[in-house]
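Participant:
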Amino acid sequence: MAGTFHLSEMLSLALHSMVYIATSESEYVNVKQIAQATGASEAHLSKVLQRLAKGRILRSVRGPKGGFSLDRSPDNISFLEIYEMIEGPVSLEGCPSHRRECPFAYCIFRGMPEKLNSQFIDYLTNTHLSEFIGNRKPGKDSAAH
């Protein structure tokens with residue numbers, strides 16, 4: 003059965019990587035460590051992390067002791083900011099059927115997409131990386147999310 007909620011692989015990697023980095027005890031976490039923890043390819047993960055570094059959410063340091071670290075306090079990094087770095091701006095509008103024109107005189111979904119989008123944006127805006135520090139250590143939670 004298909005789910006009603008889906009995140010892109012890039013966004014899922016970005017969110018999980020950010021939590022992994024935030025909960026790491028190391029000053030810098032390298033791509034290999036995160037790839038092993040998330041089950042992602044290093045090449046794909048590297049693209050995601052570079053995008054976050056370009057957006058000044060992560061700091062990137064080259065070299066044998068380098069890697070990625072948060073560029074600012076986890077209290078100041080919202081899930082909305084991470085989302086928009088990966089997916090672009092969130093839109094409150096849009097037909098769930100991806101139609102340009104509705105075949106009916108009124109929308110059969112009766113504003114449901116706008117309500118769900120608004121709730122999703124509220125969640126992203128009000129959820130910060132700091133909420134996951136202390137609740138989870140890297141590699142301790144084996145449940146897939």
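For the sequence shown, the working numbering assigns the number 3 to the initial residue and increments by one for each residue that follows.
Idealized CB from N, CA, C, for every residue including glycine.
Predicted model only: the values in this text are computed from it and were never measured.
Below 6 angstroms CB to CB, which residues in the same chain sit around R88 once its five sequence neighbours on both sides are set aside?
Facilitator: According to the sequence provided, residue 88 is Ile. The question's Arg does not apply to it. So the list reads M12, L13 and A16, once near-sequence residues are dropped.
Participant: Hey, how far is the Cα of Y108 from the Cα of G69?
Facilitator: So the alpha carbons of these two residues sit roughly 52 angstroms apart.
Participant: With a threshold of 16 other CB atoms inside 10 Å of the CB of F106, please say whether the residue is buried or exposed.
Facilitator: Exposed: under 16 other Cβ atoms inside 10 Å.
Participant: Give the list of continuous alpha helix (DSSP H) stretches no shorter than 4 residues that lie fully inside the stretch 74-144.
Facilitator: Correct list: 81-89 and 114-128.
Participant: For L47, name the three-state secondary structure that DSSP assigns.
Facilitator: If DSSP states are grouped into helix, strand and coil, L47 belongs with the helices.
Participant: Whose CA, out of L131, C104, C97 and V92, lies closest to the CA of Q121?
Facilitator: Nearest of L131, C104, C97 and V92 to Q121, Cα basis: V92.
Participant: Along the chain, where does the alpha helix (DSSP H) that runs through S19 open and close?
Facilitator: E11 to T25 is the span of the alpha helix (DSSP H), which, as asked, contains S19.
Participant: Looking at the structure shown, is A146 part of a helix, part of a strand, or coil, going by DSSP?
Facilitator: Reliability fails at A146, whose pLDDT of 45 lies under 50, so the model's placement of it is uncertain and the value that follows must be treated cautiously. Reduced to three states, the DSSP call for A146 is coil.
Participant: For the beta strand (DSSP E) that V63 lies in, which residues bound it at each end?
Facilitator: First-last of the beta strand (DSSP E) with V63: L60 to V63.
Participant: With distances taken between CB atoms, is the gap from S80 to T127 smaller than 7 angstroms?
Facilitator: In this structure, T127 lies closer than 7 angstroms to S80 by Cβ.
Participant: Here's the rule: buried if 16 or more other CB atoms are within 10 angstroms of the residue's CB, otherwise exposed. What is M20?
Facilitator: That one is buried.
Participant: S26: buried (16+ other C-beta within 10 angstroms of its C-beta) or exposed?
Facilitator: Under this definition S26 is a buried residue.
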